[in-house]
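K.L.:
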Amino acid sequence: MLGNLDIQTIVARVIVLLIAFTVHELAHALTADYLGDPTPRNMGRITLNPLKHLDPFGTLLLIIAGFGWAKPVMVNPMNMRGNPHTSMAIVAIAGPLSNIAMATLAALAFRLLSLANISPSTLSGNLSMLSFFMFTFIWINLILAFFNLIPIPPLDGSKILYAILPSEFVYRLRSLEQFSFIILMAIVFFFPSVLNVLVVAPAQATLQLLLG
């Protein structure tokens, strides 16, 4: 999904993942903390240490298959100000928004290189590697953002969906959470066309918007 796995690609992905996953989960933790829930702080999740945020299987899956996840930040919506479902949705959306923000900043830097008449086709050596890394950084952050917006637990999209749906539907969906990992893996490995529609297509559209 993200291209061939050569050494340069693997190294770029690992570096990007350390940054993207860390900021994504830190955004969840900081938002929950701001809304009054001390759980993430008590569990040591308000940190830039990537080891606190990485899920080994989710990280490996993203490197190999192009989709993955970090270790979820545990929160207690009952500790947060306001409606618990709304507060939980705000915490959930903070993660994908942080990835989109990082992709946007990287795209701005990428375009500044273009304005300076430095394009990927004319770069060589270290500058060429920088260009490749920046593009990888943008793309993986967009993939993470839209993948996490899929409304299947434990992804962020499910928390956002819970805030929108009536309570009776939320209860029914929660009863399926025990099967959510199996459903998610089935989609990733056996129904990739679903991911093309929900993740790749919007990521490509956003990439086109950011880079022109």
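Take the sequence shown: its letters are residues 20 to 231, numbered as in our numbering.
Just so it is clear, CB atoms sit at the ideal spot from N, CA and C, and this is done for glycine as well.
Bear in mind that the values here come from a model prediction, so they are computed numbers and not experimental data.
(1) Could you give the distance in angstroms between the alpha-carbon of Gly55 and the alpha-carbon of Gln27?
(2) Which one of Lys178, Ala51, Tyr53 and Pro91 has the shortest CA to CA distance from Pro69?
(3) So Met1 and Thr58 are supposed to be a Cβ contact under 8 angstroms. How far apart are they, rounded?
(4) Judging by CA-CA distance, which residue of Pro211, Leu168, Leu132 and Trp158 is the nearest neighbour of Ile109?
(5) Could you check whether the Cβ of Met97 sits closer than 7 angstroms to any Cβ belonging to chain C?
(6) Less than 7 angstroms between the C-beta atoms of Leu163 and Asn118, yes or no?
(7) Give the range of the alpha helix (DSSP H) segment to which Ser106 is assigned.
(8) So what's Val94 in DSSP terms, helix, strand or just coil?
(9) Taking 7 angstroms as the threshold (C-beta atoms), are Val35 and Thr155 in contact?
(10) Quick check on Met99: does DSSP put it in helix, strand or coil?
(11) Look up Ser194 in the DSSP assignment and say whether it is helix, strand or coil.
(12) If you reduce the DSSP assignment to three classes, tell me which class His47 lands in.
(13) Report all residues from its chain with a CB closer than 6 angstroms to the CB of Phe153; omit the five preceding and five following residues, and keep chain order.
(14) Please identify the residue among Trp88, Ile29 and Ala113 whose C-alpha is closest to the C-alpha of Tyr53.
(15) Locate the alpha helix (DSSP H) running through Thr58, then write down its first and last residues.
P.N.:
Put simply:
(1) Taking the first residue of the sequence shown as 1, we reach residue 55 at position 36. Taking the first residue of the sequence shown as 1, we reach residue 27 at position 8. One C-alpha to the other measures close to 42 angstroms.
(2) As a position in the sequence shown, residue 69 is number 50, starting the count at 1. Answer by Cα proximity: Pro91.
(3) The structure shown does not extend to residue 1, since the chain is modelled only from 20 through 231, so no value can be given for it.
(4) The residue given as residue 109 occupies position 90 in the sequence shown. For the residues Pro211, Leu168, Leu132 and Trp158, the minimum Cα distance to Ile109 belongs to Leu168.
(5) Considering every chain present, this structure includes no chain C. It has just one protein chain.
(6) As a position in the sequence shown, residue 163 is number 144, starting the count at 1. As a position in the sequence shown, residue 118 is number 99, starting the count at 1. Their beta carbons are under 7 angstroms apart, which means Leu163 touches Asn118 by this criterion.
(7) Sequence index remark: in the sequence shown, residue 106 carries index 87 (1-based). First-last of the alpha helix (DSSP H) with Ser106: Pro103 to Leu134.
(8) Looking up residue 94 in the sequence shown gives position 75. If DSSP states are grouped into helix, strand and coil, Val94 belongs with coil.
(9) Position 136 of the sequence shown, counting from 1, holds the residue named residue 155. Position 16 of the sequence shown, counting from 1, holds the residue named residue 35. Going by C-beta atoms, Thr155 is nearer than 7 angstroms to Val35.
(10) As a working note, residue 99 is residue 80 in the sequence shown. Coil.
(11) Start at 1 with the first residue of the sequence shown, and residue 194 comes out as number 175. Ser194 falls in the coil class under three-state DSSP.
(12) To locate residue 47, count along the sequence shown from 1; it is residue 28. His47 falls in the helix class under three-state DSSP.
(13) Walking along the sequence shown from the start, residue 153 turns up at place 134. Note that residue 153 corresponds to Met in the displayed sequence, not to Phe. So the qualifying residues of the chain are Ala125 and Phe129.
(14) On the sequence shown, residue 53 is found 34 positions in, with the first residue counted as 1. Closest in C-alpha terms to Tyr53, from the list Trp88, Ile29 and Ala113, comes Ala113.
(15) For the purposes of this step, residue 58 is taken as residue 39 along the sequence shown, with counting starting at 1. Thr58 -> alpha helix (DSSP H) spans Thr58 to Asn61.
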